[in-house]
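**Student:** Dropping a structure here in structure tokens format, bear with me for questions.
Number of protein chains: 2
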Amino acid sequence: MTGVKHQKWWGWGVEGIAFTHDDKPKLAPFVMEKIGIDLNAPGTPPPAFDDLKVPASQLGDDLAAKLRDTVGEQYVETDDHSRVVHTYGKGLVDLVRIRAGDLPRVPDVVVYPGDEDQVRQVVDAVVAADGVLIPFGGGSNISGSLTPPPAEQRVVVSLDLGRLNRVLEVDEAAGLARIQAGALGPDLEDQLNARGWTMGHQPDSFKHSTLGGWIATRSSGMQSDKYGDIADITRGLRVVLPGKVIVLRPLPSTSSGPSVREMILGSEGRLGVITEAWVNVHRVPENREIIAYLFPTWAAGIAAMHEISESDASPTVTRVSDANETAFSLSMQKPSKGLAAKAGPILFNVLERRGWDLSAACLSYIGYEGAESHLKHEKAIVGKIVKKHGGIKLGKGPGALYDQKKFDTPYIRDFLLDIGALGDVSETAAPWSKLMNLYANTIRAANDAYDELGVKGFAMCHLSHSYHSGACLYFTFAFPPSTDVPAEQIEQYWVVKKAIQQSFIDNEATISHHHGVGTDHAHWLEDDISPAGTDVMAGLLKSVDPGRNLNPGTLLPAHREW
Amino acid sequence: MTGVKHQKWWGWGVEGIAFTHDDKPKLAPFVMEKIGIDLNAPGTPPPAFDDLKVPASQLGDDLAAKLRDTVGEQYVETDDHSRVVHTYGKGLVDLVRIRAGDLPRVPDVVVYPGDEDQVRQVVDAVVAADGVLIPFGGGSNISGSLTPPPAEQRVVVSLDLGRLNRVLEVDEAAGLARIQAGALGPDLEDQLNARGWTMGHQPDSFKHSTLGGWIATRSSGMQSDKYGDIADITRGLRVVLPGKVIVLRPLPSTSSGPSVREMILGSEGRLGVITEAWVNVHRVPENREIIAYLFPTWAAGIAAMHEISESDASPTVTRVSDANETAFSLSMQKPSKGLAAKAGPILFNVLERRGWDLSAACLSYIGYEGAESHLKHEKAIVGKIVKKHGGIKLGKGPGALYDQKKFDTPYIRDFLLDIGALGDVSETAAPWSKLMNLYANTIRAANDAYDELGVKGFAMCHLSHSYHSGACLYFTFAFPPSTDVPAEQIEQYWVVKKAIQQSFIDNEATISHHHGVGTDHAHWLEDDISPAGTDVMAGLLKSVDPGRNLNPGTLLPAHREW
Chain U
1 MTGVKHQKWW GWGVEGIAFT HDDKPKLAPF VMEKIGIDLN APGTPPPAFD DLKVPASQLG
61 DDLAAKLRDT VGEQYVETDD HSRVVHTYGK GLVDLVRIRA GDLPRVPDVV VYPGDEDQVR
121 QVVDAVVAAD GVLIPFGGGS NISGSLTPPP AEQRVVVSLD LGRLNRVLEV DEAAGLARIQ
181 AGALGPDLED QLNARGWTMG HQPDSFKHST LGGWIATRSS GMQSDKYGDI ADITRGLRVV
241 LPGKVIVLRP LPSTSSGPSV REMILGSEGR LGVITEAWVN VHRVPENREI IAYLFPTWAA
301 GIAAMHEISE SDASPTVTRV SDANETAFSL SMQKPSKGLA AKAGPILFNV LERRGWDLSA
361 ACLSYIGYEG AESHLKHEKA IVGKIVKKHG GIKLGKGPGA LYDQKKFDTP YIRDFLLDIG
421 ALGDVSETAA PWSKLMNLYA NTIRAANDAY DELGVKGFAM CHLSHSYHSG ACLYFTFAFP
481 PSTDVPAEQI EQYWVVKKAI QQSFIDNEAT ISHHHGVGTD HAHWLEDDIS PAGTDVMAGL
541 LKSVDPGRNL NPGTLLPAHR EW
Chain W
1 MTGVKHQKWW GWGVEGIAFT HDDKPKLAPF VMEKIGIDLN APGTPPPAFD DLKVPASQLG
61 DDLAAKLRDT VGEQYVETDD HSRVVHTYGK GLVDLVRIRA GDLPRVPDVV VYPGDEDQVR
121 QVVDAVVAAD GVLIPFGGGS NISGSLTPPP AEQRVVVSLD LGRLNRVLEV DEAAGLARIQ
181 AGALGPDLED QLNARGWTMG HQPDSFKHST LGGWIATRSS GMQSDKYGDI ADITRGLRVV
241 LPGKVIVLRP LPSTSSGPSV REMILGSEGR LGVITEAWVN VHRVPENREI IAYLFPTWAA
301 GIAAMHEISE SDASPTVTRV SDANETAFSL SMQKPSKGLA AKAGPILFNV LERRGWDLSA
361 ACLSYIGYEG AESHLKHEKA IVGKIVKKHG GIKLGKGPGA LYDQKKFDTP YIRDFLLDIG
421 ALGDVSETAA PWSKLMNLYA NTIRAANDAY DELGVKGFAM CHLSHSYHSG ACLYFTFAFP
481 PSTDVPAEQI EQYWVVKKAI QQSFIDNEAT ISHHHGVGTD HAHWLEDDIS PAGTDVMAGL
541 LKSVDPGRNL NPGTLLPAHR EW
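Taken in order, these protein sequences are the chains called U and W.
Under my numbering, the residue at position 470 of the first sequence is numbered 470, and the numbers go up by one with no gaps.
Under my numbering, the residue at position 456 of the second sequence is numbered 456, and the numbers go up by one with no gaps.
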């Protein structure tokens with residue numbers, strides 16, 4: 001045993017935890033109304049592992065011996081379960097494929113180095129053998145960055161960073177921590193919290209993603225408005241390349257030419273293996289609050305988020321859901337008792353009498369941190385803006401509930417697959433001036449795609465991650481495919497997903513704000529950064545990896561040579 | 001005439017403006033005490049232009065015809081004055097060389113394209129002729145990025161962006177402006193201010209540097225704590241490469257792989273010609289104040305700046321000078337009258353009675369912007385921190401004075417050269433935990449270098465640009481060389497400059513926070529970003545510019561092939 005924890009081979013998260021609607025009486029009617037699926041009908045659970053046909057490992061004896069010599073016998077795995085766990089990320093296509101037992105190319109071996117020196121030796125051995133090396137962190141990628149190219153003839157090695165999970169050092173005088181790349185969110189936060197510090201990085205995948213994965217995909221967290229995206233948080237890096245190690249010391253800022261740090265960020269394994277990083281850490285804040293607000297319309301909510309971003313206030317979280325996502329959130333509520341049970345209906349009644357169309361109402365969460373007097377100052381500024389845009393404050397209760405439940409959302413996709421529906425996400429970022437059109441056109445594109453497929457689909461959206469010049473829009477979509485055949489389901493999925501991604505490009509938004517490029521979004525890379533920009537990126541990859549040994553197939557579109 | 005304004009061929013800024021000590025009675029005694037130079041002795045003015053021996057242009061007829069066809073006769077200059085203006089930046093070595101008439105390699109032609117299409121044609125023509133292309137903005141570079149390699153045998157073309165000086169578009173709904181790369185600071189701020197907007201970027205070079213130059217060197221401005229470094233401000237780009245144009249649309253954030261935007265930032269002409277950028281712009285603030293404070297010691301000032309950066313306050317400017325720079329600032333004061341004349345001595349008297357050692361006192365400026373109530377909130381937070389560290393508030397008066405005079409400083413180097421002293425700057429950034437050692441060791445390194453040279457030198461420093469994990473330290477040094485021979489003066493300059501830069505590296509700081517690499521700092525690049533990191537950068541440059549046509553010689557150390 002390696003001691004490294006993994007997610008389910010067939011789905012999100014850990015065995016024994018799953019999404020259930022048993023305690024959410026409003027959900028079944030909601031789902032029936034929106035996508036015509038009966039949550040109470042018998043579902044199809046994932047297959048048994050033993051039913052999978054796993055292709056044999058093609059690991060040659062020489063490389064096997066070299067790997068075992070390097071990391072030790074117990075840290076080289078060639079059994080089917082380990083190899084299958086390392087075959088896919090957790091994108092919707094990954095989930096459908098693994099449930100279908102679709103395993104055209106599985107890593108031939110999984111290696112668990114225990115330190116950077118072992119990583120170096122593994123990288124050198126794989127490149128010397130002209131193999132393919134795929135770094136693996138928490139396995140939570142949803143852009144197709146982890147899957148070996150189906151036609152890959154060379155030996156494929158999955159390099160699992162799971163043993164490199166320690167906070168090595170905290171520079172308390174600078175607010176910096178040196179952390180190994182394989183540390184999962186809870187691992188590193190527990191170690192930091194024990195010393196009074198936090199990184200403050202909370203992506204939805206937090207429990208099952210690693211520091212190295214965050215850096216390699218340009219992750220962003222719920223609190224990025226305060227703590228920054230991972231690109232801001234990451235100050236220093238160590239990255240293993242064939243025959244050498246890039247060492248970038250932690251610097252608050254520098255003008256030392258084109259940023260190598262910003263080349264490693266988002267490199268998805270194509271520019272080597274990140275082994276550790278220096279990251280900004282902060283004292284656990286004195287006070288922390290997430291307050292819920294309600295806006296009469298999506299336009300009012302967006303306008304308020306924009307005005308907050310321009311204001312003197314600097315909240316940690318700015319998030320607003322569209323009417324569909326708000327309705328979905330309300331359908332997810334557990335039954336409340338006593339006063340709480342009455343508060344909702346009473347409030348809604350009051351709002352209706354004030355002229356609100358409740359079906360258009362939009363739920364918002366704003367986060368605050370700092371001294372009590374600072375929270376007061378910030379909440380006063382935000383409160384005025386909310387009021388100006390016709391919104392009302394719901395209070396701390398719903399905010400705290402959201403904060404507790406935020407990491408549970410990804411489990412829903414497996415639940416939907418059980419009952420025969422496909423659900424996934426696409427997120428982007430664009431200037432404030434483009435957001436309303438981007439939103440309307442993308443929802444329309446999803447609905448047109450559903451019509452084209454002749455299915456009853458649903459799409460919802462929230463805004464999060466506000467910047468001076470724009471914000472992230474995060475779309476979630478679900479529909480019951482009109483076929484049981486997995487390959488055809490995937491085709492139908494792509495009709496919807498492509499419509500959404502194409503809408504991003506057509507509306508001057510990026511292909512992804514924080515999920516990376518992978519193979520899923522590579523098709524639009526040239527539209528995003530221009531063909532000449534793609535040339536520059538391809539030239540960089542080729543210069544570092546002339547043999548295409550480092551996670552080939554990700555980042556660049558298929559027709560590109562590198 | 002091209003209509004493009006240039007700085008003096010021999011020094012900083014425009015003809016008719018020069019530094020004078022006539023209205024600063026305390027300066028001459030201060031300079032005498034610190035470096036033993038008599039400001040009232042007759043100086044040596046710069047030489048006359050006609051005394052220069054300018055090598056003839058090597059521009060061939062074919063390329064000349066092609067350039068004239070492209071941009072028009074009047075926008076192709078081959079006269080000596082134009083070519084000399086485009087030979088050097090304004091580093092100390094540049095200034096000594098030009099005064100000495102040292103012109104080993106002068107651009108053969110200066111071209112002023114009027115639009116991006118002309119830029120493309122010029123770039124293609126120069127590369128087709130295997131020439132060298134050096135983009136030129138305001139000519140204020142002080143790291144040696146603008147000077148043709150002395151031994152360059154190929155035709156050298158200086159591409160002056162000065163005609164591309166317009167704000168093309170303001171996206172008011174997003175807070176973004178599209179601005180041509182050749183716009184000088186005042187040009188673009190005037191155009192923005194007229195519409196109620198500001199970019200807020202104020203480097204010391206503001207009046208004589210361009211947007212394209214800021215981007216190409218990773219510039220930072222006085223107000224970067226609020227507005228961000230140019231790397232944060234720059235959201236979209238257009239960059240001309242041979243045969244193509246990189247187009248990066250303005251995005252608040254993106255996870256589209258290794259950041260091409262962050263490769264262009266700091267590229268110093270080696271990755272093509274920046275023609276325009278989308279930048280963050282802000283409404284001209286309601287209120288703007290710079291308040292001066294005084295700390296009893298440097299350590300107290302640094303500690304206060306650090307605590308402010310960790311606090312709930314977010315001022316626009318955080319700056320503190322060491323005791324030497326504080327003394328220099330006081331020596332630069334004009335004689336005051338009436339009450340003001342008495343206020344200083346009275347205050348100093350009070351402080352001495354409180355136990356201050358006034359020779360250790362450190363002057364600080366903190367900037368605030370926003371609504372009146374916000375300024376009050378922020379000043380209260382900062383005020384408490386200042387008090388905690390033993391500091392006192394001096395008020396708005398000195399702050400406003402500093403704000404008015406901040407762009408005059410670079411003129412002093414020419415004034416010092418007139419009287420026979422060399423003065424220059426070196427700046428860096430490092431984590432907060434390293435700053436005190438970095439400071440002490442760098443001052444010691446400068447003093448050791450003076451001792452080695454047997455000269456009486458002076459070094460001073462300020463902290464500016466605070467980040468979560470660290471800050472910029474900006475050193476200014478001056479000494480009278482022990483020789484009149486320019487080449488020997490440059491050698492002596494390098495003894496001091498190298499000692500300072502080496503101290504940066506030895507104390508875990510970067511080679512430059514915002515002046516770029518150029519040729520002057522390239523020697524330490526491998527120490528800064530590691531040899532493997534330098535490999536990655538070199539691979540990128542080679543892949544984009546296999547013929548070494550784009551500003552070769554900058555960024556990489558001399559022993560590197562690319």
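The beta-carbon is built from N, C-alpha and C at its ideal position, and this holds for glycine as well.
Would you say W:Trp432 reaches chain U, if we count a Cβ-Cβ gap shorter than 9 angstroms as a contact?
**Tutor:** Taking the first residue of the second sequence as 1, we reach residue 432 of chain W at position 432. At least one chain U Cβ lies under 9 angstroms of W:Trp432.
**Student:** Give the residues from the region 250-261 of chain U that approach chain W closer than 7 angstroms (Cβ to any Cβ), ordered along the chain.
**Tutor:** Here the close residues are Pro250, Leu251, Pro252, Ser253, Thr254, Ser255, Ser256, Gly257, Pro258, Ser259, Val260.
**Student:** Taking CB distances under 9 angstroms as the criterion, tell me whether U:Ser219 reaches chain W.
**Tutor:** Residue numbering aside, residue 219 of chain U sits at position 219 when the first sequence is read from its first letter. Yes - at least one Cβ of chain W is within 9 angstroms of the one on U:Ser219.
**Student:** Count the C-beta pairs between the region 195-211 of chain W and the region 133-142 of chain W that are closer than 8 angstroms, then say yes if the count reaches three, no if not.
**Tutor:** Yes, they touch.
**Student:** Write down every uninterrupted run of the beta strand (DSSP E) in the region 365-430 of chain U whose length is 3 residues or greater and which is fully enclosed by it, in chain order.
**Tutor:** Correct list: 392-395.
**Student:** What residues of chain W sit near U:Arg235, judged by a beta carbon separation below 7 angstroms?
**Tutor:** Mapped onto the first sequence, residue 235 of chain U falls at position 235. What U:Arg235 touches in chain W: Ser469.
**Student:** Any beta carbon from chain W within less than 9 angstroms of U:Asp516's own beta carbon?
**Tutor:** As a first step, residue 516 of chain U is located in the first sequence; it is residue number 516 there, counting from the start. Reading off the sequence shown, one finds Gly at residue 516 of chain U, where the question assumed Asp. Yes - at least one Cβ of chain W is within 9 angstroms of the one on U:Gly516.
**Student:** Is there a Cβ from chain U that is less than 9 angstroms from the Cβ of W:Asp528?
**Tutor:** Mapped onto the second sequence, residue 528 of chain W falls at position 528. Yes, its Cβ sits closer than 9 angstroms to a Cβ of chain U.
**Student:** If you measure from the beta carbon of W:Arg283 to each beta carbon in chain U, is any gap under 9 angstroms?
**Tutor:** Start at 1 with the first residue of the second sequence, and residue 283 of chain W comes out as number 283. Yes, W:Arg283 counts as interfacial toward chain U.
**Student:** Could you check which residue in W:Thr2, W:Gly383, W:Gly16, W:Pro345 has the C-alpha nearest to that of W:Leu358?
**Tutor:** By 1-based counting over the second sequence, the position of residue 358 of chain W is 358. Measuring from the Cα of W:Leu358, the nearest candidate turns out to be W:Pro345.
**Student:** Any beta carbon from chain U within less than 9 angstroms of W:Met32's own beta carbon?
**Tutor:** The residue labelled residue 32 of chain W in the question sits at position 32 within the second sequence. By this cut-off, W:Met32 is not an interface position.
**Student:** Return the chain-ordered list of same chain residues with a C-beta closer than 7 angstroms to the C-beta of U:Arg195, the five sequence neighbours on each side being excluded.
**Tutor:** Start at 1 with the first residue of the first sequence, and residue 195 of chain U comes out as number 195. Excluding positions up to five away in sequence, the list reads Val170.
**Student:** Can you find at least 3 beta carbon pairs, one from the region 538-547 of chain W and one from the region 539-552 of chain U, that sit closer than 8 angstroms?
**Tutor:** Yes, they touch.
**Student:** Using a 10 Å radius around the Cβ and a threshold of 16 neighbouring Cβ atoms, would you call U:Gly569 buried or exposed?
**Tutor:** This structure cannot speak to residue 569 of chain U, because chain U is shown only from 1 to 562.
**Student:** Would you mind stating whether W:Ala430 and U:Pro552 have Cβ atoms separated by less than 9 angstroms?
**Tutor:** Locating residue 430 of chain W in the second sequence gives position 430, where the first residue counts as 1. Locating residue 552 of chain U in the first sequence gives position 552, where the first residue counts as 1. Result no, Cβ atoms of W:Ala430 and U:Pro552 do not sit closer than 9 angstroms.
**Student:** What does W:His462 touch in chain U if you count any residue whose Cβ is under 8 angstroms from its own?
**Tutor:** In the second sequence, residue 462 of chain W corresponds to position 462, counting from 1. Those within 8 angstroms of W:His462 in chain U number zero; the least Cβ separation is about 16 angstroms.
**Student:** Determine the DSSP secondary structure at U:Asn437, reduced to helix, strand or coil.
**Tutor:** In the first sequence, residue 437 of chain U corresponds to position 437, counting from 1. In this structure, U:Asn437 counts as helix in the three-state DSSP scheme.
**Student:** U:Met263 versus chain W: which residues are under 8 angstroms apart at the beta carbon?
**Tutor:** As a first step, residue 263 of chain U is located in the first sequence; it is residue number 263 there, counting from the start. Those are Pro258, Ser259, Glu262, Met263, Val536, Leu540, listed as they occur along chain W.
**Student:** List the DSSP bridge partners of U:Asn40.
**Tutor:** By 1-based counting over the first sequence, the position of residue 40 of chain U is 40. None; U:Asn40 has no bridge partner.
**Student:** For the region 77-123 of chain W, which segments carrying the alpha helix (DSSP H) assignment without a break, of at least 4 residues, lie completely within its bounds, in sequence order?
**Tutor:** Complete alpha helix (DSSP H) runs here, min 4: 80-85, 92-99.
**Student:** According to DSSP, which residues form a beta bridge with W:Phe295?
**Tutor:** Along the second sequence, read from residue 1 onward, the residue named residue 295 of chain W stands at position 295. W:Cys362, per the DSSP bridge assignment.
**Student:** Could you check the C-alpha separation between W:Asp528 and W:Ile505 for me, to the nearest Å?
**Tutor:** The residue labelled residue 528 of chain W in the question sits at position 528 within the second sequence. The residue labelled residue 505 of chain W in the question sits at position 505 within the second sequence. Approximately 7 angstroms between the Cα atoms of the pair.
**Student:** From what residue to what residue does the beta strand (DSSP E) around U:Gln180 run?
**Tutor:** Mapped onto the first sequence, residue 180 of chain U falls at position 180. Per DSSP, U:Gln180 belongs to the beta strand (DSSP E) from 176-180.
**Student:** Just by C-beta distance, which residues in the region 122-142 of chain U are closer than 8 angstroms to chain A?
**Tutor:** Looking at the structure shown, chain A is missing, and the protein chains on hand are U and W.
**Student:** Under a CB-based cut-off of 9 angstroms, is W:Ile412 close to chain U?
**Tutor:** For the purposes of this step, residue 412 of chain W is taken as the residue at position 412 of the second sequence. No, because no Cβ of chain U sits closer than 9 angstroms to the Cβ of W:Ile412.
**Student:** Would you please verify whether the beta carbon of U:Asn40 is less than 9 angstroms from any beta carbon of chain W?
**Tutor:** For the purposes of this step, residue 40 of chain U is taken as the residue at position 40 of the first sequence. Output row for U:Asn40: interface = no.
**Student:** Going along the chain, which residues of the region 362-384 of chain W sit with their C-beta nearer than 7 angstroms to a C-beta in chain U?
**Tutor:** Those residues of the region 362-384 of chain W that come within reach of chain U (Cβ to Cβ, closer than 7 angstroms) are Gly370, Ala371, His374, His377.
**Student:** Check for me: the alpha helix (DSSP H) holding W:Ser145 runs from which residue to which?
**Tutor:** One-based indexing of the second sequence puts residue 145 of chain W at position 145. Looking at the DSSP string, W:Ser145 is not in any alpha helix (DSSP H), and its letter there is neither H nor E.
**Student:** Give the DSSP bridge partners of W:Met566, in chain order.
**Tutor:** This structure does not reach residue 566 of chain W, given that chain W is present from 1 up to 562, and the question cannot be answered.
**Student:** Short of 7 angstroms Cβ to Cβ, which residues in the region 162-175 of chain U face chain W?
**Tutor:** If the cut-off is 7 angstroms between Cβ atoms, the region 162-175 of chain U has Asp171, Ala173, Ala174, Gly175 near chain W.
**Student:** Shortest alpha-carbon distance to U:Leu438 belongs to which of U:Arg97, U:Leu237, U:Ile511?
**Tutor:** Residue numbering aside, residue 438 of chain U sits at position 438 when the first sequence is read from its first letter. Answer by Cα proximity: U:Ile511.
**Student:** Which of the residues in the region 304-328 of chain W, read from start to end, lie with their CB under 8 angstroms from any CB of chain U?
**Tutor:** Flagged, chain order: Glu310, Asp312, Ser314.
**Student:** For the 8 angstroms Cβ check, are there 3 or more pairs between the region 469-484 of chain U and the region 67-74 of chain U?
**Tutor:** Because the criterion of three Cβ pairs below 8 angstroms is not met, the region 469-484 of chain U and the region 67-74 of chain U do not touch.
**Student:** For U:Tyr8, which three-state DSSP category applies?
**Tutor:** Here residue 8 of chain U is taken as the residue at index 8 of the first sequence, counted from 1. Looking at the sequence itself, residue 8 of chain U is Lys, so the reference to Tyr does not match. Coil.
**Student:** Measure the beta-carbon distance from W:Leu435 to W:Ile302 and round it to whole angstroms, keeping in mind my assumption that it falls under 8 angstroms.
**Tutor:** For this step, residue 435 of chain W is matched to residue 435 along the second sequence. For this step, residue 302 of chain W is matched to residue 302 along the second sequence. That pair is a contact at about 6 angstroms.
**Student:** Can you check whether the CB of W:Ser259 is closer than 9 angstroms to the CB of U:His513?
**Tutor:** Your numbering for residue 513 of chain U matches position 513 in the first sequence. Your numbering for residue 259 of chain W matches position 259 in the second sequence. Cβ distance not < 9 angstroms, so U:His513 and W:Ser259 don't count as in contact.
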